[in-house]
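Notes for the one structure printed next.
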Amino acid sequence: RPVTEYAYLDMKYLEFDVPFGIILRNIHRWAAHLMVVTIMLHMLRVFLTGSYKPPREFNWVVGVMLLVLTFLLSFTGYLLPWDQLAYWAITVGTNMIRSAPFIGHEGPFALLNKYNDIRFMVLGGTEIGANALLRFYVLHIMVLPFSAAVLIGVHFWRIRKDAGISGPL
2 RPVTEYAYLD MKYLEFDVPF GIILRNIHRW AAHLMVVTIM LHMLRVFLTG SYKPPREFNW
62 VVGVMLLVLT FLLSFTGYLL PWDQLAYWAI TVGTNMIRSA PFIGHEGPFA LLNKYNDIRF
122 MVLGGTEIGA NALLRFYVLH IMVLPFSAAV LIGVHFWRIR KDAGISGPL
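The working numbering numbers the first residue of the sequence shown as 2 and each following residue consecutively.
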């Protein structure tokens, strides 16, 4: 449940009371790590073989967007147990985007309102709490997977349209 009072307790219930719950949670976690490593290796291969060059530049951009989505999926999943690691990760992560040019607290939109920056929008307020947990939960289970699925479809479509997988140049 994406509620601050129960998120940590639900994770402990899954780990210790649900039969094979710890295995289920760890398979999910290990698969996420494997996904990040696999995508990083894939991006390295594409870069080293020059497969990002014309006519495949658009597909490279889609791939970079998929890489960012993968990192966001990992980050949002890391926050859902709502423990001390999650609290400090969300603190550091949202303070990083607060410093981003144009969209952060230092950007031109901050002139309209003191809290009118991306950190406020991501957290759903000025403090880390229930709104932030719910937003990251919705991002993790709905918005990011749907976006990734659409981009994966576009990525595969572009591979076929660009005459298949390119070999070394």
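From the three backbone atoms N, C-alpha and C, an ideal C-beta is built for every residue, glycine too.
Straight-line gap, residue i to residue j (C-alpha atoms, nearest Å)
i           : j           : result
residue 133 : residue 123 : 7 Å
residue 51  : residue 66  : 18 Å
residue 105 : residue 18  : 42 Å
residue 130 : residue 46  : 41 Å
residue 20  : residue 60  : 43 Å
residue 89  : residue 161 : 43 Å
residue 48  : residue 85  : 37 Å
residue 35  : residue 127 : 34 Å
residue 8   : residue 40  : 29 Å
residue 29  : residue 165 : 31 Å
residue 24  : residue 157 : 32 Å
residue 32  : residue 42  : 15 Å
residue 1   : residue 6   : Missing from the structure shown is residue 1; the chain here goes from 2 to 170 and no further.
residue 53  : residue 153 : 16 Å
residue 101 : residue 121 : 13 Å
residue 95  : residue 10  : 24 Å
CB-CB length for residue i against residue j, believed under 8 Å
i           : j           : result
residue 118 : residue 136 : Not confirmed; about 15 Å, so no contact.
residue 55  : residue 12  : No, residue 55 and residue 12 are not in contact; Cβ-Cβ is about 47 Å, not under 8 Å.
residue 38  : residue 75  : Contact doesn't hold; Cβ gap of about 11 Å is too wide.
Check whether residue i and residue j have beta carbons under 7 Å apart
i           : j           : result
residue 63  : residue 151 : no
residue 148 : residue 70  : yes
residue 92  : residue 141 : no
residue 145 : residue 73  : yes
residue 68  : residue 44  : yes
residue 57  : residue 163 : yes
Min CB distance residue i to chain C below 7 Å
i          : result
residue 42 : This model lacks chain C altogether; it includes just one protein chain.
**Asked** What are the complete alpha helix (DSSP H) segments, minimum 4 residues, inside the region 47–125?
**Response** 58–80, 85–99 and 119–124
**Asked** In chain order, which continuous runs of the alpha helix (DSSP H) of length 4 or greater are located wholly inside the region 2–33?
**Response** 8–17
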